[in-house]
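Below you'll find the structure, written out as structure tokens, and then a few comments.
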Amino acid sequence: MVKIKHNKKKVLGVILARSGSKGIKEKNIKKLGGHPLISYSIYAGLNSKNISKLIVSTDSKKIAKIAKNYGAETPFLRSKVLAKDKVPSKDALRDAVLKAEQIYNTKFEYVIEIPAVAPLRTGKDIDKALNLLFTNKYDSVISFARVFDKHPLRMKRINKKGLVEHYDLKNPENEISRRQDFPKCFIRNGAIYSMKRDSIVNKVTRWGKKIKPYIMNELQSINIDEVTDFYTCEKLIEKGLCNNFPATILDEEFDTKPKIIVKKNRFKYFLNSYPYYMFDLSKKELYLKNINEIHCEIDNYKFINSNIKSKVSAILTPTAGLKKLNSKVLNQFQNLKYLISSSTGLTHLDLKYLADKKIKVISLNSIKDTKTIKASSEFCLLLVLASLRNYKASLEVVKSGNWRNFEKELRSREINNLKFGFLGFGRIGKNVSKVLHNLGGKIHYYDPFVSCINKNFKKINNLQSFLKNLDFLIISAKLNEKTRSILNTKTIHYLKKGIKIVNISRGELIDENVLLQNIKKRKVRSYYTDVVRNEEDILKNKSKVIQFSKNNNNVSVSPHVGGLTYDSELKAINRILFKFFKEYKETNN
């Protein structure tokens, strides 16, 4: 049996969400600020201290699945008869109450309908309305908003002659009237309908005779009915005027129910700097419910409401980009405690500033289970093959209108019997080496921190000895103070003439000036890289390697896209967020 939360009162929260909306197609699950509309009401219901059980009554399996992903329960599918557009809400609500009581084997004392079309109503609003209802002085407590510009005295009708006349002829509008002079008038805003069980079950009414109003402000009272309501509401969310932060669920296995829940009152704001479209292919498994999560890309940090900035506790940032998270950027968030990066390299972070401010950095370096994150390994293999087979030069031959009349320049080597050296033998090195070995390549590696159990791979403990006699050097080491500029005048000297180099790590591991000199001398035959030095400033300060590549087919540069696949980024984000939330819970409980 499903357990009911033990509150003093037994309150059933119901969200009615039928399919087949005529005004706006699939309105209840239409995206608003990156989340389906219904998720805002689910979030509000889950954050109510008074609701014992929150369910969604829908006839749609699709809506039911989305509702479950956001933490609501969908114990049944509504009948098609009760899902027609002309069926009164009270009938569908009564049906939901009776079915829920049967399924959960409990009799609720109070019922609250939380319409999906009111996204800005909060859990606090729900609790305030219910607390009024708990006094037992009223049959229902319903939310209202004051009417200003659309006051009844301003209403007009068009008569049979096509002329305008006052709607209420006994109370005509004064031509010089001001809205603040009108008597106070209120309208149901469609956000909260709370009632005694007897009202809805036995009397089949959401209202009853004694109705107590719960007054909400104008901004919170937006009711999504037209497309323009969506646009208005989205702007309010962007401006930080929304206190609902829907979030789906994260779990350790990434495909089951959550094992960790962080309590909202211990967490402030989680700022996600990845763009919305990143999550279109996910299973909506990236976040724990009850986390105040907001999306904002780095370039738009300045537009975040200052009140929200002061409450940001953690930032999730993309791996690489054109913006370094330095003191100027991070100083906007005075209460920042965590900086989360789904990467191993951290050149995009100002580590000194973070250390000085005692902001904890969580990255893939602390994650053990990264074997299935393979995008960078695939791209490294692509660079190896492209370099080995003179791929860039072959494309230029075709572009120039030629074909195999340049065979001598394009003839290359196969992998078999070539000596491949991995400078750094972590996840990428191990993945790529297996493929090269299966194709006959001889694998050597230099990594003081790794011992490989594959007897076919040879570990070289001395850097000088490692660099000698290689046909192909693959740079896949982590960047730190010991590896920075590890390929310099001295170490490049050890390489044999005609070597090919691939860099899948960071540009800072190579002294690029020395590298280009050796390419010009033909000591280094080719250089294929996915990285350059100082990437964050690349649009301001031109890279010498990129400039050289424009006129030389033996140098190829891609814009740090090795890990840029939906699959690997989502895997990395999942793992790093699970690590963060687990640590956060352990630290704050």
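The working numbering numbers the first residue of the sequence shown as 92 and each following residue consecutively. Backbone N, C-alpha and C define an ideal beta-carbon position, used for all residues, glycine too.
If you follow the alpha helix (DSSP H) that residue i is in, where does it begin and where does it stop?
i           : result
residue 467 : 466-479
residue 321 : 318-329
residue 520 : 518-529
residue 582 : 580-583
residue 605 : 603-611
residue 498 : 498-501
residue 486 : 482-490
residue 184 : 180-195
residue 541 : Residue 541 -> no alpha helix (DSSP H), and no H or E assigned at all.
residue 420 : 418-421
residue 639 : 635-640
Alpha carbon to alpha carbon, how far is residue j from residue i? Give it in angstroms, no decimals.
i           : j           : result
residue 110 : residue 474 : 49 Å
residue 395 : residue 160 : 27 Å
residue 357 : residue 665 : Legend: pLDDT at residue 357 = 45, less than 50; position of this residue unreliable, value from coordinates given subsequently. Distance between the alpha carbons of residue 357 and residue 665: 21 Å.
residue 710 : residue 471 : Residue 710 is absent from the model: the chain starts at 92 and stops at 680.
residue 192 : residue 462 : 47 Å
residue 643 : residue 619 : 12 Å
residue 631 : residue 586 : 33 Å
residue 237 : residue 231 : 19 Å
residue 429 : residue 419 : 17 Å
residue 287 : residue 217 : 15 Å
residue 279 : residue 205 : 13 Å
residue 468 : residue 147 : 44 Å
residue 266 : residue 389 : 50 Å
residue 612 : residue 634 : 20 Å
residue 123 : residue 209 : 12 Å
residue 609 : residue 576 : 15 Å
residue 313 : residue 320 : 7 Å
residue 178 : residue 291 : 15 Å
residue 186 : residue 203 : 14 Å
residue 112 : residue 639 : 58 Å
residue 119 : residue 263 : 39 Å
residue 374 : residue 165 : Residue placement at residue 374 cannot be trusted, given a pLDDT of 37 that sits under 50; the coordinates are not used to answer.
residue 655 : residue 603 : 24 Å
residue 364 : residue 226 : 45 Å
residue 537 : residue 522 : 15 Å
Counting C-beta neighbours from all protein chains within 10 Å, is the total for residue i 16 or more, i.e. buried, or is it exposed?
i           : result
residue 498 : exposed
residue 568 : buried
residue 489 : exposed
residue 276 : exposed
residue 446 : exposed
residue 315 : buried
residue 269 : exposed
residue 481 : buried
residue 495 : exposed
residue 573 : exposed
residue 311 : buried
residue 143 : buried
residue 596 : buried
Starting from residue i, trace the beta strand (DSSP E) both ways and give me its first and last residue.
i           : result
residue 226 : Segment: none, residue 226 is in no beta strand (DSSP E) and carries neither H nor E.
residue 548 : 548-550
residue 407 : 403-408
residue 146 : 144-148
Out of the options, which one is the CA nearest neighbour of residue i?
i           : options               : result
residue 432 : 521, 300, 399 and 662 : 662
residue 149 : 103, 332, 183 and 229 : 183
residue 560 : 588, 553, 545 and 324 : 588
residue 399 : 333, 612 and 129      : 333
residue 249 : 259, 242 and 108      : 259
residue 653 : 602, 622 and 363      : 622
residue 508 : 315, 535, 502 and 519 : 535
residue 190 : 181, 174, 168 and 175 : 168
residue 615 : 106, 401 and 646      : 646
residue 566 : 415, 511 and 485      : 511
residue 271 : 281, 242 and 263      : 242
Between residue i and chain D, is there a C-beta pair that is closer than 7 Å?
i           : result
residue 515 : The structure shown contains no chain D, having only a single protein chain.
To which residues does DSSP link residue i through a beta bridge?
i           : result
residue 231 : 286 and 302
residue 102 : 201
residue 133 : Answer is none; residue 133 lacks a bridge partner.
residue 565 : 513 and 593
residue 667 : According to DSSP, residue 667 bridges with nothing at all.
residue 451 : 429
residue 646 : 618
residue 536 : 513 and 550
residue 247 : 257
residue 385 : 362
residue 109 : DSSP output for residue 109 lists no bridge partner at all.
Would you say the beta carbon of residue i comes nearer than 6 Å to a heavy atom of the ligand ZN?
i           : result
residue 301 : Looking for the ligand ZN in the displayed structure turns up nothing, as the structure carries no ligands at all.
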